[in-house]
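Colleague:
Numbering (the working numbering), first residue to last: 104 to 420.
1. Exposed or buried, which one is residue 317 when buried takes at least 16 other CB atoms within 10 Å?
2. Quick one: measure Cβ to Cβ for residue 301 and residue 107, integer angstroms, because I've assumed they're closer than 8 Å.
3. So the candidates are 307, 140, 294; which of them puts its Cα closest to the Cα of residue 123?
4. Could you pull out every residue in the same chain whose Cβ sits closer than 7 Å to the Cβ of residue 158, ignoring the five residues on either side in sequence?
5. For residue 421, does the three-state DSSP call read helix, strand or coil?
6. Hey, how far is the Cα of residue 304 from the Cα of residue 310?
7. Applying the criterion that 16 or more other CB atoms from any shown protein chain within 10 Å of the CB defines a buried residue, is residue 286 buried or exposed?
8. Taking the beta strand (DSSP E) that residue 361 belongs to, which residues open and close that run?
9. Could you say which of 356, 116, 343, 109 lies nearest to residue 237 if we only look at CA atoms?
10. Is the closest heavy atom of the ligand FMN to the C-beta of residue 188 under 7 Å?
11. Return yes when the Cβ of residue 282 is within less than 8 Å of the Cβ of residue 339, no when it is not.
12. Note down the Cα distance separating residue 196 from residue 132, rounded to an integer number of angstroms.
13. Hey, is the stretch 261 to 272 in contact with the stretch 357 to 371, meaning 3+ C-beta pairs nearer than 8 Å?
14. Got a sec? Which residues, its chain only, sit under 6 Å from residue 344 by beta carbon, not counting five neighbours each side?
15. Helix or strand or just coil, what does DSSP make of residue 163?
16. Have a look at residue 468 and residue 258 and give me their C-alpha separation to the nearest angstrom.
17. Alpha carbon to alpha carbon, what distance is there between residue 268 and residue 111?
18. Tell me the rounded alpha-carbon separation between residue 233 and residue 140.
19. Please report the straight-line C-alpha distance between residue 181 and residue 354, rounded to a whole angstrom.
20. My output table needs one value for residue 366: the three-state DSSP class, helix, strand or coil.
21. Considering only residues of the stretch 308 to 350, which uninterrupted alpha helix (DSSP H) runs meet the minimum length of 4 residues and lie entirely inside it, listed in chain order?
22. How about residue 342 and residue 288: do their beta carbons lie closer than 8 Å?
23. Give the DSSP bridge partners of residue 206, in chain order.
24. Between the beta-carbon of residue 177 and the beta-carbon of residue 203, is there less than 8 Å?
25. Please report the Cβ distance between residue 82 and residue 109, rounded to the nearest whole angstrom; I am assuming they are in contact, meaning their Cβ atoms lie under 8 Å.
26. Quick check on DSSP: helix, strand or coil for residue 171?
27. Could you pull the DSSP bridge partners for residue 295 from this structure?
28. Does the separation of the CB atoms of residue 162 and residue 249 fall below 8 Å?
29. So, for residue 327: in the same chain, excluding its five sequence neighbours on each side, which residues have a beta-carbon less than 7 Å away from its beta-carbon?
30. Buried or exposed: which applies to residue 170, given that a residue is buried once 16 or more other Cβ atoms fall within 10 Å of its Cβ?
This is the structure we're talking about:
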């Protein structure tokens with residue numbers, strides 16, 4: 104079965120607060136040509152066209168967020184937006200941003216899913232290429248690890264462990280499909296512990312953090328009042344992983360097993376996969392000229408992560 108590259112039908116914008124900067128920021132998403140990939144353009148730099156590709160080559164830091172950097176300019180906290188793009192199979196997009204941090208929205212990928220679906224997801228007349236894993240690749244430190252093994256589709260088995268009675272050990276296994284991402288995974292919010300907030304703020308982080316954009320775990324209860332999913336904590340780690348692994352530039356086929364991992368190990372896995380061509384292969388394009396469908400879903404067929412009215416205020420044409 105041929106799978107085609109995707110972009111959005113029309114431009115769309117949203118605004119929000121940067122999780123770490125605390126500054127208001129606006130992003131505008133534009134359709135992009137086949138094989139152009141995902142790119143960020145900083146519009147707040149006078150007299151310069153600052154373009155930063157969403158590529159492992161531009162991966163800078165993974166300290167509480169994934170940051171891309173090129174020629175001295177950076178874009179921070181890209182993982183939730185990139186995860187939404189990967190979850191909806193969007194290959195080509197230009198993202199204009201008027202600061203250096205992507206807005207955190209509600210702390211999940213769902214607002215970005217909604218935004219993309221409102222813009223319309225369309226196929227392009229160029230087949231997509233996948234990275235198909237041929238041999239096991241593993242990275243780790245201590246008892247933490249992440250590995251990827253050959254498989255027929257993208258599967259993720261993710262296990263987290265925190266010495267806290269409200270989390271303890273959680274494991275989730277998903278075969279990653281568009282519907283599964285939208286209905287289950289995308290809704291999971293980022294989380295943190297109340298006792299760590301002061302230390303993080305003193306380090307210049309989470310200036311924009313609040314109960315509106317993160318699950319805050321106290322000693323004995325969740326300050327937000329509850330969870331969206333019983334496996335929300337581990338599902339959010341899958342969101343982060345899908346965003347981080349998308350920096351390879353192509354969708355990946357393999358079975359990922361992660362134990363107590365995070366952005367750091369995700370980045371190590373990406374860096375391990377990228378240079379070693381003998382461990383994976385591109386599934387080649389078909390030689391015949393493809394036929395393609397202009398639209399993936401009609402407006403009435405779209406699967407929204409929430410009732411539409413709940414997120415309408417996050418979009419701006």
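The beta-carbon is built from N, C-alpha and C at its ideal position, and this holds for glycine as well.
Modeller: Taking the definition as stated:
1. The residue you call residue 317 lines up with position 214 of the chain shown. Under this definition residue 317 is a buried residue.
2. In the chain shown, residue 301 corresponds to position 198, counting from 1. In the chain shown, residue 107 corresponds to position 4, counting from 1. Not really, about 49 Å apart at Cβ, beyond 8 Å.
3. Translated into the one-based positions of the chain shown, residue 123 becomes position 20. Closest option to residue 123, Cα to Cα, is 307.
4. In the chain shown, residue 158 corresponds to position 55, counting from 1. 350, 352, listed in sequence order.
5. Outside the modelled stretch of the chain, which goes from 104 to 420, sits residue 421, for which no answer is possible.
6. Position 201 of the chain shown holds residue 304. Position 207 of the chain shown holds residue 310. Straight-line Cα distance between these residues: approximately 6 Å.
7. The sequence position of residue 286 within the chain shown is 183, counting from 1. By the 10 Å Cβ count, residue 286 comes out exposed.
8. For this step, residue 361 is matched to residue 258 along the chain shown. For residue 361, the uninterrupted beta strand (DSSP E) segment begins and ends at 358 to 362.
9. Residue mapping note: residue 237 aligns to position 134 of the chain shown, counting from 1. If we check each option's Cα against that of residue 237, 356 comes out closest.
10. Ligands in the displayed structure: none, and consequently the ligand FMN is not present.
11. In the chain shown, counting from the first residue as 1, residue 339 sits at position 236. In the chain shown, counting from the first residue as 1, residue 282 sits at position 179. Result no, Cβ atoms of residue 339 and residue 282 do not sit closer than 8 Å.
12. Taking the chain shown and counting its residues from 1, one reaches residue 196 at position 93. Taking the chain shown and counting its residues from 1, one reaches residue 132 at position 29. Rounded to whole angstroms, residue 196 to residue 132 spans 7 Å at the Cα level.
13. Flag = yes, the stretch 261 to 272 and the stretch 357 to 371 touch.
14. Residue mapping note: residue 344 aligns to position 241 of the chain shown, counting from 1. These residues qualify, in order along the chain: 369.
15. What you label residue 163 is simply residue 60 of the chain shown in a count that begins at 1. Under the three-state reduction of DSSP, residue 163 is assigned to strand.
16. Residue 468 is absent from the structure shown; the chain starts at 104 and stops at 420.
17. Looking up residue 111 in the chain shown gives position 8. Looking up residue 268 in the chain shown gives position 165. Going by the C-alpha atoms only, they are around 43 Å apart.
18. Here residue 233 corresponds to residue number 130 of the chain shown, with the count starting at 1. Here residue 140 corresponds to residue number 37 of the chain shown, with the count starting at 1. The straight-line gap from Cα to Cα measures roughly 13 Å.
19. Stepping through the chain shown from its first residue, residue 181 is reached at position 78. Stepping through the chain shown from its first residue, residue 354 is reached at position 251. Each residue's Cα considered, the two are about 17 Å apart.
20. Your numbering for residue 366 matches position 263 in the chain shown. In the structure shown, residue 366 sits in a helix (DSSP, three-state: H, G or I).
21. For the stretch 308 to 350, whole alpha helix (DSSP H) runs of length 4 or above, ordered along the chain, are 335 to 348.
22. On the chain shown, position 239 is the one that residue 342 refers to. On the chain shown, position 185 is the one that residue 288 refers to. Their beta carbons are under 8 Å apart, which means residue 342 touches residue 288 by this criterion.
23. Counted from its first residue, the chain shown places residue 206 at position 103. Residue 206 is bridged to 121.
24. Sequence index remark: in the chain shown, residue 177 carries index 74 (1-based). Sequence index remark: in the chain shown, residue 203 carries index 100 (1-based). Cβ distance < 8 Å, so residue 177 and residue 203 count as in contact.
25. Outside the displayed range of the chain (104 to 420) lies residue 82, so it cannot be described from this structure.
26. Mapped onto the chain shown, residue 171 falls at position 68. Strand at residue 171.
27. By 1-based counting over the chain shown, the position of residue 295 is 192. Beta-bridge pairing links residue 295 to 319.
28. Along the chain shown, one-based indexing puts residue 162 at 59. Along the chain shown, one-based indexing puts residue 249 at 146. Not in contact: residue 162 and residue 249 (Cβ atoms no closer than 8 Å).
29. Here residue 327 corresponds to residue number 224 of the chain shown, with the count starting at 1. Excluding residues within five positions, the ones whose Cβ falls inside 7 Å are 314, 318, 319.
30. Position 67 of the chain shown, counting from 1, holds the residue named residue 170. When all chains shown are included, residue 170 counts as buried.
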